[in-house]
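Okay, so the sequence shown: first residue is 1 according to the UniProt record's numbering, each after it adds one.
We put the CB at the ideal spot given by N, CA and C, even for glycine.
Single-structure report; data block below.
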Amino acid sequence: MTNTISDIAKNFIHLRVHSDFSINSGIMKIKDIIALANQYSMPAVAVSDLNMFCGLIKLYEQATSKGIKPISAIDTQFMDYRGCLHDITLIAETEEGYVNLRRLMTETYVRARSKIEVNTVVRSLKSTRRDSRIYLSLEQLEAHNEGVICLLPAYFGPLGNSAREDKIDFADQSYEDLKRIYKNKLFQGIARCNRPGEKGLEKYVLEYALRYQMPLVATNDVLFKRRSDFDTHQIRECIAQGVVMSDYQPEYTVEQYFKTGEEMAKLFEDLPIAIENTAKIAQMCTVRFKLGHNDLPKFTLDVTDPEQKKLKEEFDSFFKEHPETDEEEWILEKLSYQGLDERLAILYPDQQEREAQKPIYYERLEYELGIIKRMKFPGYFLIVQEFINWSKKNDIPVGPGRGSGAGSLVAYALKITDLDPLKYALLFERFLNPSRKSMPDFDVDFCNEGRSRVIEHMQDHYGKDSVSQIMTFGTMGAKMVVRDVARVMGIDRFKAEDLAKSLQDKLEYKDGDEVKTAKGTLENNVKYNPVFKAYYDNTDEPEYRHIVEYSKPLEGLVRQVGKHAAGIVISPIEMNNYSALYVSEDGEQSTHFDKDDIERAGLVKFDFLGLKNLTIIKNTIRMIHKRQRRQGVAEKDLFNINLIPLDDRASYELLQQGDTHGIFQLESTGITKLVVKAKPEEFEDIIALIALYRPGPLQSGMVDNYINRKNGTEDVFYPTPELNFEVLKEILDPTYGVIVYQEQVMQIAQVFSGYTLGDADNLRRAMGKKKQEEMDKERSKFIAGAEKNGHDPKDAEKLFDLVDKFAGYGFNKSHSAAYALVSYQTAYLKAHYRAEFLAAVLTNAQSDISKIYGTVKDLKKPARNIHVEFIRPSVNYSFEHFDVDLNGRVIYSLAALKGVGPDVVHELVKERERNGLFRDFYDFINRCGKFFTETQLKVMINAGCFDDFIEANITKGHSREVYLHVLKPIINAVKNSNTGNINLFAELTENIDTYIKPEIVREVEPWTIAERSHREFEAFNFYFAGHPIFEFKAEREALTECQSISDMLMMFNDYSNEVQQNVARGNQRSTVKTVDLVVHIDAVRKTKSFDGSRNVLDLAFSDESGNYRADMFTGLTANELAELADRLQEDTKAVVTMQFSSYQNKDTLETRTAMRIKKVTPLQEYLSYCKGTIYALFDIRKAKGLRRVNEFFTKYFKDKVATNLPLEFHFLFYTRFGVGSVEHKHVTTYDEGIFKELKECCGVNNIIYKLEYVDPDKNKFRRRFNENQN
């Protein structure tokens, strides 16, 4: 009986399917593949991603949940005898085969990323976009062929590639080799995807299948869900290749979608055996995944360590008499009690007090150890304590704790954490709940500089093949995909920017009376974001909708692979038994599975996080010790961060004053304001502030309650006036009756309603999930327990509702307390070792010199009567990091200069240590010039790195200008000093006087102050010696209310908030505000508006607080604009009038705010329209000062007469009898020379201006350069 198409269709299984884990190829998620297989009633399905096993756990779980058999496969390449690469699909028949496939992929990545293979030449006869380094050799295939089925594709396999070369017989050897390796498990794939030449290839496919006795297998080389998704796939290909659609040459066809069994049966109606063989392969595959277990390596003591060897001998002796003893449990208990005794000796130095406290701690330790043993976790604790204690012994700082692990006394005893959990009421059950089986999870912070060393130690300790980092996947986010799609479709990028900027990451919408939140996907933005929807619905510009529709299916697809920022896994056996390994370009290996799947596969994840603040603390302590050793402090008395008191008054005063720059967790503007308001006085206050500074608590009003209660402006209740329970006082007292922590929620349930702490943790979780069924059960239990404890059921119900509300805001106190300790340590260091601390902060920032200026400002700012001097870099005293000298001055790092970097500075320091300080500029070039480029040396000259030599040779005319002038001649002399040697800096035979002669000095034009400042800015990325605008400090204070760019930005932010508040109240009235500020003009550019109708001035300006760039749309002619630009470039100081305005977008009706330049006036011109009074204080205690004053008066105030705009000068004189006024009152017009010399005579800080600007436009004195407001 002949089978019908429907009968044949039931046998079809897709065996070559790419998900989005085939980076830049497939556009289906695993869940899409399973959904289609389920929809089409397919009994099995394979996912054969390109060189990746990343989706197999998801495939297995999702497929088996639908009753579908998952087939593990991989698409890769193999190299034939000629060095050509061909596609091959390998399918795991058995579990041994699956292990072999993992080994194959690990081996190929290891080889591909090794230096040996970098120059290997291979011939790829197909797409040049595949990484030709990722391939398998025939030897590898043969070595790992057990349990593996080989499916040989036709089109990009040996046959198709040879046919395209018109040399079909080249395929013979590949077939013979593969037949020898796989025997009867070698199958010939056949596809009918309508690719060029595919139909003509089929006769060879049939011929070779018959010749080598290979069963035919029908495939469709699937890349997308449905035929209609082909355009989306092409767009993804274009994004990957960086081309536009019009230039794209497709390698795939519209037929490569997930076809139904009926479609495939009809397509291969003439070859039904090819369909049936797909089912045959599926039946052959018997791989089952073992998921959900936790495998750890057995902890062993390192007998090369004397202490551990002694412990091992002690255990062996004990084991002989007690053979039932578990080694890990015995070691854990031994180390815990030993460690706790060491802790108690420090916590309670007084022996009597220590003995009194010991039973309390021992009881808690015994309780925790019992739970850890019962839950079979001793090995986990021992592994963690090993790498943490190894780190501490090897000078790698480790954080005091992170997350709920700080609540464990066992962890504290083992030195895993560094905060006493009993003192701060931290709960073990928050970390490890005895009523719920789940792995403990210690997240560990390491010093950034040492984290990689810890990973290397783990690889040495457990074996490189057993330790790996974890893969992560970067996905196509909404904003990025919108921009990408528009680009490849050739749509105006401004439209893409409009769309992207209107997207919201988090959306709020109303469901009845309830306000809910939704993720900011494209679909949700269309639903709930009116601005985005307005673009989407704009029928006049349909491109917006096209972008969105093509972007939707791409959003969330895997775009690239990376490695998890913290995750490490340790395998008890070779890692390939759990996951194949991927090797990145930099040689670091990671699992193919992500953090969730690798844990499902049976491994335990350890989080090794890098925390820059630990590096800052380490470097601060290094500099403190360096200075202390120079001062003769004994090693035993050197500063120890672990012994600082937690009640140091200076540290809390620093926080109360808002001096928080560089302070861990407390340095942002928002939390600094909170800290200043709260006035922390003890360590518990810092713990609370870190917990409270989050959106939920801030919006709920509980932060205000906390601050008011702490500061005594609100009564304290436990927790509210209506529900004030004395039984809760001890729990809530540290937070003044406010429920701040999750632990307090648990303790309230324990004390008020008799919960165990394990059950109380379950209550906390239930409150977080808000599942009604669970909440109803917990409510009844809470009320019943409260009633049993003698409380009114009605009060109990009210308290349950209150606790439920606060549980949503509650924070993990263990985490907050551990981080508060780092915060306090940084505050203590800044309070007592300010120079060293800020030098360490600067060193941490020097890789990004744009971040340095904020710390430099903080360093220069006097705080609590402490002033730290900051000195410029010097080739004789600077290092590759910021440092502090014996006098407590911070020395600038040479490596922080623009374009210099640490490597060359390291060479400089080594030379200086070998042969001593540099004598002069010549000596430096002679000894170190070979390390630096000419550009780097120019930067160093401009930064003042050679100023020590200049000061020593000032009488000879040495200066930065002169050094820059002679640099090239010295370089040329070096080039010529060794014939045939092009070394730029060979040893010099002349001395510096050969190059710096009086006639040379005379021909070098000195820099102006402005030019010197500008050159320093280029070297430092900020004005080191002071911003040029500081010269006009008095004028700025007199002329403008807005004193800085940072003030302007804050004022604009306040304005924008006010506008949005008005809109929320229904007030749509447009408002306009202007502010003036005195700035330094950094760059001027003349341009046109987008429509070409107006001339535009593009200005970049700055002051000591920062920089800004803005446009001024003018009504000036081109000549007038050019004249203004020239004048601004010549003067460089100007008064800029900024205009804040609000407007309503005509398409979206959204109210927006904008800031732009309304007008700009050169400062000297602006001052010429001022009237008022100038007060100047002259110092005439010495004859020189008196003579200078007389010259000044004679030059500027002789025969001056009044004009329309008078400036009245009041002169005060500082004499040996004190400060007195002289009856000289002079009236004059503005004169630039007066101000310049007045500042030279008096100094900038000794002049006060009382000025009023008279707008010449209103008085019609002369034309001003105004923006055309029409």
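For the ligand MN, is there a heavy atom less than 7 Å away from the beta-carbon of residue i?
{"i": "phenylalanine 683", "result": "Absence of the ligand MN is noted for the structure shown, with no ligands found whatsoever."}
So for residue i, helix, strand or coil by DSSP?
{"i": "residue 1282", "result": "Only positions 1 to 1270 of the chain appear in the structure, and residue 1282 is not among them; the question remains open."}
{"i": "leucine 1128", "result": "helix"}
{"i": "isoleucine 982", "result": "Model confidence at isoleucine 982 stands at a pLDDT of 43, short of 50, so the residue's coordinates are unreliable; what they give is reported in the following sentence. Here isoleucine 982 sits in coil by DSSP."}
{"i": "isoleucine 617", "result": "helix"}
{"i": "proline 969", "result": "helix"}
{"i": "glutamate 987", "result": "Caution applies to glutamate 987, whose pLDDT of 46 falls short of 50 and renders its modelled position unreliable; the value that the coordinates give is listed next. Coil."}
{"i": "glycine 610", "result": "strand"}
{"i": "isoleucine 1248", "result": "strand"}
{"i": "leucine 897", "result": "coil"}
{"i": "glutamate 368", "result": "helix"}
{"i": "histidine 564", "result": "strand"}
{"i": "valine 205", "result": "helix"}
{"i": "isoleucine 644", "result": "coil"}
Here's the rule: buried if 16 or more other CB atoms are within 10 angstroms of the residue's CB, otherwise exposed. What is residue i?
{"i": "phenylalanine 1024", "result": "buried"}
{"i": "arginine 1262", "result": "The pLDDT assigned to arginine 1262 is 36, lower than 50, so where the model puts this residue is not dependable, and the model offers no usable value."}
{"i": "arginine 451", "result": "buried"}
{"i": "alanine 1034", "result": "buried"}
{"i": "methionine 1050", "result": "exposed"}
{"i": "valine 515", "result": "exposed"}
{"i": "asparagine 51", "result": "buried"}
{"i": "isoleucine 690", "result": "buried"}
{"i": "alanine 952", "result": "exposed"}
{"i": "leucine 1128", "result": "buried"}
{"i": "glutamine 39", "result": "exposed"}
{"i": "glutamate 269", "result": "exposed"}
{"i": "threonine 1074", "result": "exposed"}
{"i": "residue 1273", "result": "The chain is shown only over 1 to 1270; residue 1273 falls outside these bounds and no answer can be derived."}
Going along the chain, which residues of its own chain have a beta-carbon closer than 8 Å to the beta-carbon of residue i, five neighbours each way excluded?
{"i": "isoleucine 950", "result": "His958, Ser959, Arg960, Tyr963"}
{"i": "lysine 358", "result": "Leu344"}
{"i": "serine 246", "result": "Gly490"}
{"i": "lysine 290", "result": "Gly602"}
{"i": "glutamate 1016", "result": "Asn942, Ala943, Gly944, Tyr1023, Phe1024, Ala1025"}
{"i": "phenylalanine 446", "result": "Ser391, Ile396, Pro397, Val398, Gly399, Val454, Phe608, Leu609, Gly610, Leu611, Leu614"}
{"i": "lysine 938", "result": "Leu964, Leu967"}
Below 7 Å CB to CB, which residues in the same chain sit around residue i once its five sequence neighbours on both sides are set aside?
{"i": "alanine 827", "result": "Ser651, Leu654, Leu655, Ile663"}
{"i": "glutamate 107", "result": "Gln140"}
{"i": "threonine 517", "result": "Lys506, Leu507, Glu508"}
Looking at C-alpha atoms only, which residue of the options is the closest neighbour of residue i?
{"i": "alanine 35", "options": "Leu638, Lys626, Gln62", "result": "Gln62"}
{"i": "arginine 1036", "options": "Asn1119, Ile617, His1080, Phe1017", "result": "His1080"}
{"i": "glutamate 869", "options": "Val856, Tyr877, His881", "result": "Val856"}
{"i": "methionine 575", "options": "Asn100, Ala1083, Val47, Ser6", "result": "Asn100"}
{"i": "serine 228", "options": "Met702, Tyr208, Glu255", "result": "Glu255"}
{"i": "isoleucine 388", "options": "Leu340, Arg453, Gly944", "result": "Arg453"}
{"i": "phenylalanine 258", "options": "Val410, Ser41, Gly407, Arg374", "result": "Ser41"}
{"i": "alanine 478", "options": "Asp465, Ala143, Leu522", "result": "Leu522"}
{"i": "glutamate 543", "options": "Leu499, Asn1119, Pro530, Ile573", "result": "Leu499"}
{"i": "glutamine 742", "options": "Ala688, Glu726, Met775, Leu723", "result": "Ala688"}
{"i": "aspartate 637", "options": "Thr955, Thr1161, Lys626", "result": "Lys626"}
Quick one: residues in its chain with C-beta nearer than 6 Å to the C-beta of residue i, no 5 flanking neighbours on either side, listed in chain order?
{"i": "asparagine 11", "result": "Ile275, Glu276, Ala279"}
{"i": "asparagine 525", "result": "Leu503, Phe532"}
{"i": "lysine 679", "result": "Gln656"}
Touching or not, the stretch 229–241 and the stretch 14–30, by the rule of three or more beta carbon pairs under 8 Å? yes
Assess, as a yes-or-no matter, whether the stretch 410–422 is touched by the stretch 682–689 under the definition of 3 or more beta carbon pairs within less than 8 Å. Contact fails: fewer than three Cβ-Cβ distances are below 8 Å.
How do the stretch 572–588 and the stretch 428–436 stand: do at least 3 beta-carbon pairs fall below 8 Å, yes or no? no
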